[in-house]
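Take 1 as the starting number for the sequence shown in the UniProt record's numbering and just add one per residue.
Glycine is no exception: its CB is placed at the ideal position from the N, C-alpha and C atoms.
These notes concern the structure reproduced below.
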Amino acid sequence: MNFKKEPFFDRNSEWEDLGNGVSRQFVGYNSQIMMVIVGFEKDAIGALHQHFHSQITYVASGKFEVTVDGETRILSKGDGFFAQPNIFHGVKCLEAGQLVDAFAPFR
1 MNFKKEPFFD RNSEWEDLGN GVSRQFVGYN SQIMMVIVGF EKDAIGALHQ
51 HFHSQITYVA SGKFEVTVDG ETRILSKGDG FFAQPNIFHG VKCLEAGQLV
101 DAFAPFR
């Protein structure tokens, strides 16, 4: 993966279709950090998974059922969660929306 060198993010940047009602838009990244906006259609799933990265997620819009380390909560705009390295986490979109994910190091 090439590092994004531009210092500014354009909200009209290209979205990547990940399938099954999920898409993403890269904000910026280097070898130490990465930020991505992930769009979800209603009922789309971010499958339960784990990785060695630390992840912080902010709910920019919509409503999500979020599971982190076996605990499930409903999160809406302005809420967020932290997934420590190697902790299982995933989401189900209850109302179409966007999550802003930050990873360290980059994924």
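Could you say which of the options lies nearest to residue i if we only look at CA atoms?
i	options	result
Ala-104	Phe-9, Asp-43, Met-34, Ala-96	Met-34
Asp-10	Val-36, Ser-31, Val-22	Val-36
residue 109	Ser-76, Gly-62, Glu-14, Arg-24	Outside the displayed span of the chain (1 to 107) sits residue 109, for which this structure offers no information.
Ser-54	Ser-13, Ser-76, Val-100, Ala-83	Ala-83
Pro-85	Phe-106, Glu-14, Asp-17	Phe-106
Val-100	Phe-26, Asn-30, Gly-19	Phe-26
Answer yes or no: do residue i and residue j have a C-beta to C-beta separation smaller than 8 Å?
i	j	result
Val-68	Phe-81	yes
Gly-46	Gly-90	yes
Gln-98	Gly-28	no
Glu-95	Lys-42	yes
Ala-44	Val-59	no
Gln-32	Phe-88	no
Use the C-beta contact count for residue i: other C-beta atoms within 10 angstroms, 16 or more gives buried, fewer gives exposed.
i	result
Phe-64	buried
Leu-48	exposed
Thr-57	buried
Could you round the C-beta distance between residue i and residue j to whole angstroms and report it? I think they count as a contact, below 8 Å.
i	j	result
Cys-93	Gly-62	6 Å
(request) Jot down the residue ranges of each uninterrupted beta strand (DSSP E) in the region 52-77, minimum 3 residues, whole runs only, in chain order. (result) 54-68, 71-76
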